[in-house]
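In UniProt numbering, the protein residues as written are 1 to 137.
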């Protein structure tokens, strides 16, 4: 029985589709939405603003709260858990997947520049996750 589902979310439409799919496919499961904040660097797209922020943790929490607000808008009255993590998105998701029965992830997200520097997160998660992975388009 699949009872714990991990849904990594960034600010992409594909991540929203993944959450919608998880809600439909696993109506009785506990769903956790995970937002991974990339380590700040001058070369990593949106993470650049974090590197320049006075309080990096506060800026990361603020960015995550906007994503979680969108997630709660999608889920309506269904209760979900949320979690924020730091680091390389694919590695963090794979490590977190050990505690879940399945991962539902959007096929791609972020800008082209983010994908060039970070790589395709969904592909890395699919290849390395200890839990089954559903990739949603």
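Beta carbons are placed, not taken as given, at the ideal position from N, Cα and C, and that holds for glycine.
On the DSSP letters alone, give me the boundaries of the beta strand (DSSP E) that residue 105 sits inside. It spans 102–106 - the beta strand (DSSP E) in which residue 105 sits, taken as one unbroken run.
Assess, as a yes-or-no matter, whether the stretch 2–15 is touched by the stretch 26–34 under the definition of 3 or more beta carbon pairs within less than 8 Å. Contact between the stretch 26–34 and the stretch 2–15 is present, because at least three Cβ pairs lie under 8 Å.
For residue 91, which residues in the same chain have their Cβ closer than 7 Å to its Cβ, ignoring the five residues on either side in sequence? By the criterion of a C-beta distance shorter than 7 Å, residue 91 is surrounded by no residue of its chain, once the five residues flanking it on both sides are discounted.
Relative to the C-alpha of residue 11, which candidate in 27, 78 and 37 has its C-alpha closest? The option with the nearest alpha carbon to residue 11 is 37.
Using the C-alpha atoms, what's the distance from residue 105 back to residue 133? Between the C-alpha atoms of residue 133 and residue 105 there is a straight-line separation of about 7 Å.
Inter-residue Cα distance where the pair is residue 61 and residue 1: Distance between the alpha carbons of residue 61 and residue 1 is about 33 Å.
Please return the same chain residues whose Cβ sits closer than 7 Å to the Cβ of residue 124, not counting the five positions on each side in sequence. Same-chain partners within the cutoff: 90.
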